[in-house]
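**Student:** Protein chains in written order, with this note's numbering: chain H, 1 to 569; chain R, 1 to 159. A virtual CB, placed ideally from N, CA and C, is assigned to each residue, including glycine. Structure in structure tokens, see below.
Structure, rendered in structure tokens:
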């Protein structure tokens, strides 16, 4: 069928089954927007900043597992999108971003709103394309979606020059993709899997180390089955919260810099690490030479480059976790789960010794209390997004996550301003779910213009701002490591968050007591409007436990056991 | 696997012939802090692919990462870490015409080369040999006051 390049872009999006596209128009992408106007195969959400569009597409992808799509114009439109691309890249999120580009004849001439988009995005995309001929466009679009969702997922950029969107040509959307140089490995090596199972049967203190790859592979049920069948304790990374389910007694918690005592000790004392879709990030391992020092390591990852990158691996298995576990589980039929009983007892003891705790207060709202309270009120129903900082760690520590894709946050890149637009994307993808962005008074301002987006499209996202009038995480480091020199972290000067939300067509709540918190949250859940819940918390709360950067996991700063934190209130 | 001695290695990267594929490969080296000692690129005859020969160095772990990261690039078809290879490098050297032509020719011939061009006030010698022999040649050539030296990258083929 004959059509313009712009029409081809729309047809491909429809053919891929995408229901919502997030974007922002501009000169170079106008022809595509003209076609968006004419079609009704998908809806378009106009965010108020390109970065937010990409985060929203990202949130949409994380909530559903499908490819998120964002659309931006050339030059500044694209450069604004870069943070979103990098965020998705670091967390392996399937996404296609379509950017306008100046006409082919102007490329390289420093034309108006020209920037080398493929050059800039090379290190923060899984792959990118600059379309040079209209005939290539259908194939490139097909490949972009294919590359984004297969293998280790990731964002793909398609940069389309303006003249190509105008040109008319034959459109046949390819049915299949064949890229000779791109053949991801899904099946794990059978021999290696058998050896790994043997190692599990020989181990005395095995530990499941669960990463975000399990979520991406939709393998949570299989992981739970593995853990339950063999009764092997498990720890989750920040990206894997929800995989095991908070109620599972085998789950020790989150490990790493802000991991709980039992998790970090488990990793320090285990004799066999079973790593599933985790990548030994520095925020997880602490000092590498002390990490799982006494253990053999099984490492299952779809990305061969992750295996052996940071630690020596004894049982490398390149493959998709779902497929590997499907082969592994039958081999574990005869596993003797009593074998690990003593190990489970040790970890139970650690959990009793130092549970994940905080000192609550009757005078002021503690951020951890607020998060646990949200968990009590909406629990597994809600999707929780977060920004980056103390609130993110508290949410990861204290929220009772029960299922994968319930917890959406920027783990790898640590992008402040991610939470609100991601919540918009998640809510659009799952309108029946309550979507709450747990954020801070620093992060929320980084994409606050999305109030307007959420208000216009009636996307009722609840933003719980845990407001300590500080860039809390940096402040915490300054307290610990910079002799309390609070350089540029005091956020005492603030907008009126309630009025700000109202000015943009949303609802604002000022919350200072626990009763007000409950009332505001319950009211917000019933509303059909976006809201800001400005929750005044104590200023000097620290995220604990904490492993100082570069320290060994077992050297944790632990929270006080009794109430004695009135010093700097 | 954990020994950290830096070793010189030559790898051949077979890539799909498409625009910016070389940029992807070199950007990967730059972005991840790997070293490129020399680099040679040319299309493979009668195919839609090109061969990029890279001489680099690093510990075993770094070399393994380089190989795996290269593999991850979508247009990279194959990565060959050379073990048993024939390796050649080319160099052109411009000498002043005042030097003795026969001496220069004899030297170049000793290293698989010869005189490539003679002009009114200069002589260009050419040598193609293993990288260490090219190095020896350049040391020997110093006595003939070379005006300019242009060294090519390595090409290698597995035996």
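1. Within its chain, find whatever has a CB closer than 6 Å to the CB of residue 238/H; leave out the 5 residues flanking it on each side and keep chain order.
2. Between 55/R, 32/R, 65/R, which has its C-alpha nearest residue 305/H's C-alpha?
3. Between residue 82/R and chain H, is any beta-carbon pair separated by less than 9 Å?
4. Can you list, in chain order, the residues of its chain with a C-beta nearer than 7 Å to that of residue 139/H? Leave out the 5 residues immediately preceding and following it.
5. Pick out whichever of 317/H, 373/H, 506/H has its Cα sitting closest to the Cα of residue 528/H.
6. Cutting at 7 Å between CB atoms, please list the residues of its own chain near residue 324/H, excluding the five before and the five after it.
7. Just mark residue 356/H as buried or exposed, buried being the case when its beta carbon has 16 or more other beta carbons within 10 Å.
8. Mind listing the chain R neighbours of residue 299/H? Cutoff is C-beta to C-beta under 8 Å, in chain order.
9. For residue 163/H, which residues in the same chain have their Cβ closer than 6 Å to its Cβ, ignoring the five residues on either side in sequence?
10. List, in order along the chain, the chain R residues whose C-beta lies closer than 7 Å to that of residue 123/H?
11. Taking DSSP's pairing of strands, which residues face residue 470/H in a bridge?
12. According to the neighbour-count rule (16 or more other Cβ atoms, all chains shown, within 10 Å of its Cβ), is residue 353/H buried or exposed?
13. Which residue marks the beginning of the alpha helix (DSSP H) containing residue 594/H, and which one marks its end?
14. Would residue 100/R pass as a contact of residue 308/H if the rule is Cβ separation under 9 Å?
15. For residue 456/H, tell me which candidate among 13/H, 32/H, 44/H has the shortest Cα-Cα distance.
16. Are the Cβ atoms of residue 437/H and residue 365/H separated by less than 9 Å?
17. For the ligand GDP, is there any heavy atom lying closer than 8 Å to the beta carbon of residue 332/H?
18. Using a Cβ-Cβ distance under 9 Å, would residue 52/R count as near chain H?
19. Roughly how many angstroms separate the alpha carbons of residue 35/H and residue 74/H, rounded to a whole number?
20. For residue 74/H and chain R, any beta-carbon pair shorter than 9 Å?
21. Let me confirm a value: residue 482/H is counted as buried when at least 16 other C-beta atoms fall within 10 Å, else exposed. Which label applies?
22. Scan the segment 238 to 322 of chain H and note each continuous alpha helix (DSSP H) run of 4 residues or more that stays entirely inside, going in chain order.
23. Count the other CB atoms within 10 Å of the CB of residue 424/H; is the residue buried (16 or more) or exposed (fewer)?
24. Can you look up residue 20/H in the DSSP assignment and give me helix, strand or coil?
25. Quick check on residue 82/H - is its C-beta less than 9 Å from some C-beta in chain R?
26. Here's the rule: buried if 16 or more other CB atoms are within 10 angstroms of the residue's CB, otherwise exposed. What is residue 17/R?
27. Mind checking who residue 81/R pairs with in its DSSP beta bridge?
28. Measure from the C-beta of residue 20/R to each C-beta in chain H and report whether the shortest distance is under 9 Å.
29. Run through chain R and tell me which residues come within less than 7 Å of residue 482/H, C-beta to C-beta.
30. What residues of chain R sit near residue 309/H, judged by a beta carbon separation below 7 Å?
31. Give the interface partners of residue 305/H over in chain R, defined as CB-CB distance under 7 Å, in chain order.
32. Cβ of residue 181/H less than 9 Å from any chain R Cβ?
33. Closest by CA to residue 199/H, which one among 177/H, 315/H, 256/H?
34. Look up residue 149/R in the DSSP assignment and give the residues it is bridged to.
35. Skipping 5 residues on each side, what residues in its chain have a beta carbon closer than 6 Å to that of residue 154/H?
36. At a CB-CB cut-off below 7 Å, which residues of chain R make contact with residue 511/H?
**Tutor:** Checking against the coordinates, here is how it stands:
1. The residue labelled residue 238/H in the question sits at position 238 within the first chain. Hits under 6 Å: 396, 411.
2. Translated into the one-based positions of the first chain, residue 305/H becomes position 305. If we check each option's Cα against that of residue 305/H, 65/R comes out closest.
3. Within the second chain, numbered from 1, the residue matching residue 82/R stands at position 82. No, residue 82/R does not count as interfacial toward chain H.
4. Along the first chain, read from residue 1 onward, the residue named residue 139/H stands at position 139. Excluding sequence neighbours, residue 139/H sits near 174.
5. As a first step, residue 528/H must be located in the first chain, where it is residue number 528. Answer by Cα proximity: 506/H.
6. Residue 324/H sits at position 324 when you count from the first residue of the first chain. Excluding positions up to five away in sequence, the list reads 188, 193, 300, 317.
7. Locating residue 356/H in the first chain gives position 356, where the first residue counts as 1. Buried, by the Cβ-count rule.
8. The residue you call residue 299/H lines up with position 299 of the first chain. Residues of chain R passing the Cβ test: none, with the nearest at roughly 13 Å.
9. Residue mapping note: residue 163/H aligns to position 163 of the first chain, counting from 1. Around residue 163/H: 103, 104.
10. Counting from 1 along the first chain, the entry for residue 123/H is found at position 123. In chain order: 27, 31.
11. The sequence position of residue 470/H within the first chain is 470, counting from 1. In DSSP, residue 470/H forms a bridge with 490/H.
12. Walking along the first chain from the start, residue 353/H turns up at place 353. Exposed, by the Cβ-count rule.
13. Residue 594/H is absent from the model: chain H starts at 1 and stops at 569.
14. Here residue 100/R corresponds to residue number 100 of the second chain, with the count starting at 1. Here residue 308/H corresponds to residue number 308 of the first chain, with the count starting at 1. With respect to residue 308/H, residue 100/R sits apart: the two C-beta atoms are not nearer than 9 Å.
15. Your numbering for residue 456/H matches position 456 in the first chain. Among 13/H, 32/H, 44/H, the Cα nearest to that of residue 456/H belongs to 44/H.
16. Along the first chain, one-based indexing puts residue 437/H at 437. Along the first chain, one-based indexing puts residue 365/H at 365. Going by beta carbons, residue 437/H and residue 365/H fall outside the 9 Å limit.
17. Absence of the ligand GDP from the depicted structure is noted, as is the absence of any ligand whatsoever, leaving it without description.
18. Locating residue 52/R in the second chain gives position 52, counting from the first residue. Chain H contact via Cβ: absent.
19. Residue mapping note: residue 35/H aligns to position 35 of the first chain, counting from 1. Residue mapping note: residue 74/H aligns to position 74 of the first chain, counting from 1. Distance between residue 35/H and residue 74/H, taken at the CA atoms: about 18 Å.
20. Here residue 74/H corresponds to residue number 74 of the first chain, with the count starting at 1. False, the Cβ-Cβ gap to chain R never drops below 9 Å.
21. To locate residue 482/H, count along the first chain from 1; it is residue 482. With fewer than 16 Cβ atoms within 10 Å of its Cβ, residue 482/H is classed as exposed.
22. 261 to 269, 282 to 285
23. Residue 424/H sits at position 424 when you count from the first residue of the first chain. Looking at its Cβ environment, which holds 16 or more other Cβ atoms inside 10 Å, residue 424/H is buried.
24. Within the first chain, residue 20/H is the residue found at index 20, counting from 1. In this structure, residue 20/H counts as strand in the three-state DSSP scheme.
25. Numbered from 1 along the first chain, position 82 holds the residue referred to as residue 82/H. It does not; no Cβ of chain R falls within 9 Å.
26. Here residue 17/R refers to the residue found at position 17 when the second chain is read from its first residue. By the neighbour-count rule (16 or more Cβ atoms within 10 Å), residue 17/R is not buried but exposed.
27. Residue 81/R sits at position 81 when you count from the first residue of the second chain. In DSSP, residue 81/R forms a bridge with 11/R.
28. The sequence position of residue 20/R within the second chain is 20, counting from 1. It does: the Cβ of residue 20/R has a partner Cβ on chain H nearer than 9 Å.
29. Indexing the first chain from 1 puts residue 482/H at position 482. Result: empty, since nearest Cβ-Cβ is about 28 Å, beyond 7 Å.
30. Translated into the one-based positions of the first chain, residue 309/H becomes position 309. Residues of chain R passing the Cβ test: 65.
31. Sequence index remark: in the first chain, residue 305/H carries index 305 (1-based). In chain order: 65, 68, 69, 72.
32. Along the first chain, one-based indexing puts residue 181/H at 181. True, the Cβ-Cβ gap to chain R drops below 9 Å.
33. On the first chain, residue 199/H is found 199 positions in, with the first residue counted as 1. When only C-alpha atoms are compared, the closest one is 315/H.
34. Indexing the second chain from 1 puts residue 149/R at position 149. DSSP, once it has assigned bridges, lists 93/R as partnering residue 149/R.
35. Numbered from 1 along the first chain, position 154 holds the residue referred to as residue 154/H. Only 89, 92, 126 meet the Cβ criterion.
36. Taking the first residue of the first chain as 1, we reach residue 511/H at position 511. Here the premise fails: no neighbours, minimum Cβ distance about 45 Å.
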